[in-house]
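Engineer:
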Amino acid sequence: MEIHWTMLFALEAAGTIAFASSGAMVAIEKNLDLLGIIVLGVITAVGGGMIRDITIGNIPPSLFRNPVYVWMSLITVLLLFLVIRFHPRIMEGRYRSTYEKVMNIFDAVGLGAFTVVGINTAIEAGYGDYRFLAAFLGVVTGVGGGMLRDIMANQTPYVLRKHFYACASIIGAVCYIFLRELIPGNSAMLLCAFLVVIIRLLATRYRWNLPRASGKSKDRR
Amino acid sequence: MEIHWTMLFALEAAGTIAFASSGAMVAIEKNLDLLGIIVLGVITAVGGGMIRDITIGNIPPSLFRNPVYVWMSLITVLLLFLVIRFHPRIMEGRYRSTYEKVMNIFDAVGLGAFTVVGINTAIEAGYGDYRFLAAFLGVVTGVGGGMLRDIMANQTPYVLRKHFYACASIIGAVCYIFLRELIPGNSAMLLCAFLVVIIRLLATRYRWNLPRASGKSKDRR
Amino acid sequence: MEIHWTMLFALEAAGTIAFASSGAMVAIEKNLDLLGIIVLGVITAVGGGMIRDITIGNIPPSLFRNPVYVWMSLITVLLLFLVIRFHPRIMEGRYRSTYEKVMNIFDAVGLGAFTVVGINTAIEAGYGDYRFLAAFLGVVTGVGGGMLRDIMANQTPYVLRKHFYACASIIGAVCYIFLRELIPGNSAMLLCAFLVVIIRLLATRYRWNLPRASGKSKDRR
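Chains as they are written, first to last, in the UniProt record's numbering: chain R, 1 to 221; chain Z, 1 to 221; chain F, 1 to 221.
#1: Checking contacts by CB at 8 Å: is Leu190(Z) closer than that to chain F?
#2: In chain R, which residues lie with their C-beta within 7 Å of the C-beta of Leu210(F)?
#3: Going by C-alpha distance, which of Ile119(F), Arg205(F), Leu133(F) and Gly126(F) is nearest Leu179(F)?
#4: Is there contact between the region 14–23 of chain F and the region 105–117 of chain F, where contact requires at least three CB pairs shorter than 8 Å?
#5: Cβ closer than 7 Å: which chain Z residues qualify as neighbours of Ser214(R)?
#6: Residues of chain R with a CB under 9 Å from the CB of Arg85(Z): which are they?
#7: Asn209(F) and Asp53(R): beta carbons closer than 8 Å?
#8: For Pro60(F), count neighbouring Cβ atoms within 10 angstroms of its own Cβ and tell me buried if that reaches 16, exposed if not.
#9: Enumerated in chain order, which unbroken segments of the alpha helix (DSSP H) with a length of 4 residues or greater are wholly contained in the region 117–204 of chain F?
#10: Bridge partners for Arg212(R) per DSSP, in chain order?
#11: What ranges does the alpha helix (DSSP H) occupy inside the UniProt domain "Glycine transporter" (10–83) of chain R, keeping only unbroken runs of at least 4 residues that lie completely in it?
#12: Taking the straight line between their C-alpha atoms, what separation do you get for Ile37(Z) and Ser97(Z)?
#13: Closest to Ala173(R) by C-alpha separation, out of Val68(R), Met189(R), Gly126(R) and Ala153(R), would be which residue?
#14: Among the candidates Gly41(F), Leu137(F) and Phe86(F), whose CA atom is the shortest distance from the CA of Ile56(F)?
#15: At the level of alpha carbons, what is the spacing between Ala122(Z) and Gly48(R)?
#16: Relative to the C-alpha of Val117(Z), which residue among Trp71(Z), Tyr95(Z), Met50(Z) and Arg89(Z) is closest?
#17: Would you kindly work out how many angstroms separate the C-alpha atoms of Tyr127(F) and Met25(F), rounded to a whole number?
#18: Residues in its own chain within less than 8 Å of Ile171(R) by CB, not counting five upstream and five downstream?
#19: Could you round the C-beta distance between Gly112(F) and Leu11(F) to whole angstroms and report it? I think they count as a contact, below 8 Å.
#20: Quick check on DSSP: helix, strand or coil for His87(Z)?
#21: Taking all protein chains shown into account, decide if Ile84(Z) is buried (16 or more other Cβ within 10 angstroms of its Cβ) or exposed.
#22: In whole angstroms, give me the CA-to-CA distance for Arg131(F) and Gly144(R).
#23: Quick one: list the residues of chain Z neighbouring Leu133(R), beta-carbon separation under 7 Å, in chain order.
#24: In whole angstroms, what is the alpha-carbon distance linking Cys192(Z) and Ile177(R)?
#25: Among Asn66(R), Arg205(R) and Ala27(R), which has the Cα closest to the Cα of Arg149(R)?
#26: Among Ser22(R), Phe64(R) and Ala134(R), which has the Cα closest to the Cα of Phe64(Z)?
#27: Would the beta-carbon of residue 274(F) fall within 8 Å of that of Thr6(F)?
#28: For Val39(R) and Tyr69(R), which I take to be in contact (beta-carbon distance under 8 Å), what is that distance rounded to the nearest angstrom?
#29: Should Phe114(R) and Gly142(R) be called a contact, given that it needs their Cβ atoms to be closer than 8 Å?
#30: Can you find a C-beta in chain F that's less than 8 Å from the C-beta of Tyr158(Z)?
#31: Show which residues of chain F have a CB atom less than 8 Å away from the CB atom of Gly57(R).
#32: Asn66(R): buried (16+ other C-beta within 10 angstroms of its C-beta) or exposed?
#33: Below 7 Å CB to CB, which residues in the same chain sit around Ala168(Z) once its five sequence neighbours on both sides are set aside?
#34: Please report the straight-line C-alpha distance between Phe164(R) and Ile151(Z), rounded to a whole angstrom.
#35: Tyr127(Z) versus chain C: which residues are under 7 Å apart at the beta carbon?
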């Protein structure tokens, strides 16, 4: 059984790196200073879990009890800062495109891992039978950090705008909640994390978008 | 006594519909996709209560224990989306004006109902004697959802800008807190909810505004 | 020992006045109405403490149990509003410059006082040994109110952008956490509050800024 948790930790680590990098990149684009870059990077990585823990009274939030992901995201942000500061060219051309491809995959992996971890937290706290709450906690763990990043960077949350992002998390969360009553929990967990990753990658690849009220998509990047 | 609670539920339902619609309309104006429309709609309706519950450690927040208002706002948002998507013309001319009149009344009713419900929650949680806290919880239940909507939609909260909106809630909250020591609680509750509705409608009708430091009102719509 | 607490209260009072004024000034610049000015003023003064208390389950947050700082910030905001409304000229020329100098010092004092108070709260709640959490609570008490102000006023948080602001608080917080194990707590507390003030004033005076990824500082006011 141990193997499941090792895998989950690896997935979470990949997600932490991707989320922290996305926060740092937003801060860099907004020309924030080093502290702003660190804060946005770390909050993108651990902010979703913090909202989750406060919502169910998991006090103090787990990021404070076991700050391993805080350190991981801090190191990620500092490395990224140093690279961009001293090799600004690296963020152009071929490297940039490779970077974005890798980060897109890591980000998808993180969304999957964080979603199931959020639901695990709900179950451990005794809220496994509150299905709506459990699903909410899974999704908020996955997308909450990115929302805090966007709110703090003063831009409309990405997750509300494009690419089916939160939907992947919602679908995975709902599947996990029902599947774990049918098959062993650990298998259900990894299966659903994987499902989120697949949906998220397909959505990016084929530019799936949800409909808008106007019937057309203004911003079609 | 039952009658009071039935009435309160009806008022809350009207408020939920109005608040969810207002969130959905903001999302539609910002050209968000269906998920963004749902999230803003639902959060406008139940976000105030969520802030209230987290503030006093009412865990998990009541929206998760009894998600009736979540479903109600979800259905409202979906109906509104379908109507606007397939009959975009309906949002012009005469229908639009009728829609806005009805929603304005529902919204006022919701502000009144949510304000007194927030104070009831404070009392039930044993904070009836913390008058400042109780008033805060009433007002935050009334206006917190709209604030979250505006923060997430990246606009200055409406409630901070115009039309005496939060003042109606504040006046009603303070009256309820003092009145319930003089007359039976249920009557005080409905009376004060009604007071909020009246003040709110008069404020919209006669364009009451609070003074600004500059002495003039730049945006006088 | 009493003297330490009297001094701390005086520092906190100065900070409350400065923070409330800064919130009110942002609201006035954004042309918000009186309620918006009050809300931003009060939230800048007490918002950091509120985030701190919610993070560690200090329920209800201390601002509700002992609203002295709420009243203090309310009075500050109202006085400022009246002065600016009826003597708009006072905010020009020489007076403005004196006002900003005084407020800058009060603000630095507040940052120092709020940082150590945040850590005291962590210690009292039994989290003295969670050093990362204690430091976070100190810093969030110092800068959280300003962040809420900026998020609500729809601008990128000042603290993420300029002048080494949060760094002063971080340095003071870390020093206090380690120093209080070496010298008596009350002396460590005042010493570190003083350290924050000095760093903050030097940073403003000499325009210390953290590096940016682009290697240059676009906005050099």
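Ideal Cβ positions, reconstructed from N, Cα and C, are used throughout, including at glycine.
Structural biologist: Reading off the structure:
#1: Taking the second sequence and counting its residues from 1, the one referred to as residue 190(Z) is at position 190. Taking Cβ atoms only, chain F never reaches closer than 8 Å to Leu190(Z), which makes this a no.
#2: Residue mapping note: residue 210(F) aligns to position 210 of the third sequence, counting from 1. Neighbourhood of Leu210(F) in chain R, by CB distance below 7 Å: Asp33, Leu34 and Leu35, in chain order.
#3: Taking the third sequence and counting its residues from 1, the one referred to as residue 179(F) is at position 179. It is Ile119(F) whose Cα lies nearest to the Cα of Leu179(F).
#4: As far as the Cβ criterion goes, the region 14–23 of chain F touches the region 105–117 of chain F, which means the pair count is three or higher.
#5: Within the first sequence, numbered from 1, the residue matching residue 214(R) stands at position 214. Result: Asn31.
#6: Within the second sequence, numbered from 1, the residue matching residue 85(Z) stands at position 85. Those are Pro211, Arg212, Ala213, Ser214 and Gly215, listed as they occur along chain R.
#7: Numbered from 1 along the third sequence, position 209 holds the residue referred to as residue 209(F). Numbered from 1 along the first sequence, position 53 holds the residue referred to as residue 53(R). Contact annotation: Asn209(F) and Asp53(R) have beta-carbon atoms that are not nearer than 8 Å.
#8: The residue given as residue 60(F) occupies position 60 in the third sequence. Classification for Pro60(F): buried.
#9: Complete alpha helix (DSSP H) runs here, min 4: 131–152 and 165–179.
#10: Working through the first sequence from its first residue, we reach residue 212(R) at position 212. Paired residues: Asp33(Z).
#11: At a cut-off of 4 residues, the continuous stretches assigned as alpha helix (DSSP H) that sit fully inside the UniProt domain "Glycine transporter" (10–83) of chain R are 34–55 and 62–65.
#12: Here residue 37(Z) is taken as the residue at index 37 of the second sequence, counted from 1. Here residue 97(Z) is taken as the residue at index 97 of the second sequence, counted from 1. The straight-line gap from Cα to Cα measures roughly 21 Å.
#13: Within the first sequence, numbered from 1, the residue matching residue 173(R) stands at position 173. Comparing alpha carbon positions, the residue from Val68(R), Met189(R), Gly126(R) and Ala153(R) closest to Ala173(R) is Met189(R).
#14: Translated into positions along the third sequence, residue 56(F) becomes position 56. That would be Leu137(F), whose Cα lies nearest to the Cα of Ile56(F).
#15: Along the second sequence, read from residue 1 onward, the residue named residue 122(Z) stands at position 122. Along the first sequence, read from residue 1 onward, the residue named residue 48(R) stands at position 48. Those two C-alpha atoms are separated by around 28 Å.
#16: The residue given as residue 117(Z) occupies position 117 in the second sequence. Out of Trp71(Z), Tyr95(Z), Met50(Z) and Arg89(Z), Met50(Z) has the C-alpha closest to the C-alpha of Val117(Z).
#17: For the purposes of this step, residue 127(F) is identified with residue 127 of the third sequence, where counting begins at 1. For the purposes of this step, residue 25(F) is identified with residue 25 of the third sequence, where counting begins at 1. Each residue's alpha carbon lies about 36 Å from the other.
#18: Taking the first residue of the first sequence as position 1, residue 171(R) is located at position 171. Only Leu195, Val196 and Ile199 meet the Cβ criterion.
#19: Numbered from 1 along the third sequence, position 112 holds the residue referred to as residue 112(F). Numbered from 1 along the third sequence, position 11 holds the residue referred to as residue 11(F). Confirmed, Cβ separation roughly 7 Å.
#20: Against the second sequence, residue 87(Z) aligns to sequence position 87. Residue state for His87(Z) is assigned as coil, using DSSP reduced to three classes.
#21: Looking up residue 84(Z) in the second sequence gives position 84. By the 16-neighbour rule on beta-carbons within 10 angstroms, Ile84(Z) is buried.
#22: Within the third sequence, numbered from 1, the residue matching residue 131(F) stands at position 131. Within the first sequence, numbered from 1, the residue matching residue 144(R) stands at position 144. One Cα belongs to Arg131(F), the other to Gly144(R), and the distance between them is close to 25 Å.
#23: In the first sequence, the residue the question calls residue 133(R) occupies position 133. The answer, in chain order, is Pro60 and Phe64.
#24: Translated into positions along the second sequence, residue 192(Z) becomes position 192. Translated into positions along the first sequence, residue 177(R) becomes position 177. If you draw a straight line from the Cα of Cys192(Z) to the Cα of Ile177(R), it comes to about 42 Å.
#25: For the purposes of this step, residue 149(R) is taken as the residue at position 149 of the first sequence. Cα-wise, what sits closest to Arg149(R) is Ala27(R).
#26: Along the second sequence, read from residue 1 onward, the residue named residue 64(Z) stands at position 64. Considering only alpha carbons, the answer is Ala134(R).
#27: The question about residue 274(F) has no answer here: the residues shown for chain F are numbered 1 through 221.
#28: Indexing the first sequence from 1 puts residue 39(R) at position 39. Indexing the first sequence from 1 puts residue 69(R) at position 69. Contact doesn't hold; Cβ gap of about 15 Å is too wide.
#29: In the first sequence, the residue the question calls residue 114(R) occupies position 114. In the first sequence, the residue the question calls residue 142(R) occupies position 142. Yes, the Cβ-Cβ distance between Phe114(R) and Gly142(R) is below 8 Å.
#30: Taking the second sequence and counting its residues from 1, the one referred to as residue 158(Z) is at position 158. So no, Tyr158(Z) is outside the interface.
#31: Here residue 57(R) refers to the residue found at position 57 of the first sequence. Near Gly57(R) (Cβ distances below 8 Å), the residues of chain F are Gly57.
#32: Here residue 66(R) is taken as the residue at index 66 of the first sequence, counted from 1. Looking at its Cβ environment, which holds fewer than 16 other Cβ atoms inside 10 Å, Asn66(R) is exposed.
#33: The residue labelled residue 168(Z) in the question sits at position 168 within the second sequence. Closer than 7 Å at Cβ, skipping near neighbours: Leu111, Val196, Ile199, Arg200 and Ala203.
#34: As a first step, residue 164(R) is located in the first sequence; it is residue number 164 there, counting from the start. As a first step, residue 151(Z) is located in the second sequence; it is residue number 151 there, counting from the start. Cα-Cα distance, rounded: 21 Å.
#35: Here chain C cannot be found, since the structure's protein chains are R, Z and F.
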